[in-house]
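Note sheet for the following structure.
In the numbering used here, the protein residues as written are 168 to 266.
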């Protein structure tokens, strides 16, 4: 998703709670598709602090209302940038998957 030394799984992109504090300050430069997603919700830079990325992803999910109304940890993303980015039709922010 981003040009940095650390890999970013689907769930890390939504929550920074599992990313060590020292890595949350890492500067990342998103590749074109993630950058398009970030700019669609108002991001205006080319480089971000790692902890900023999940905030913009969350804003994208909320703005597009991609979450399940009853089970809000479930995100449906089959028809949009997020689905293209992660290569899934849905995911739970509670799950931890490594890619």
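For each residue, glycine too, the CB sits at the ideal point set by N, CA and C.
No experiment lies behind these values; they were computed from the predicted model shown.
Could you work out which residue in the options is closest to residue i when comparing CA atoms only?
| i | options | result |
| --- | --- | --- |
| residue 202 | 226, 214, 194 | 214 |
| residue 259 | 241, 217, 249, 253 | 241 |
| residue 192 | 256, 221, 251, 238 | 221 |
| residue 248 | 188, 199, 235, 212 | 199 |
| residue 208 | 225, 250, 237 | 225 |
According to the Cβ coordinates, are residue i and residue j closer than 7 Å?
| i | j | result |
| --- | --- | --- |
| residue 223 | residue 210 | yes |
| residue 243 | residue 233 | yes |
| residue 128 | residue 256 | Residue numbering for the chain in the displayed model covers 168 to 266; residue 128 lies beyond these limits and cannot be assessed. |
Looking at the unbroken beta strand (DSSP E) that takes in residue i, where does it start and where does it end?
| i | result |
| --- | --- |
| residue 243 | 241 to 243 |
What are the start and end residues of the alpha helix (DSSP H) that includes residue i?
| i | result |
| --- | --- |
| residue 251 | 248 to 253 |
- Item | Entirely enclosed alpha helix (DSSP H) segments - the stretch 191 to 228, minimum 4 residues | 199 to 206
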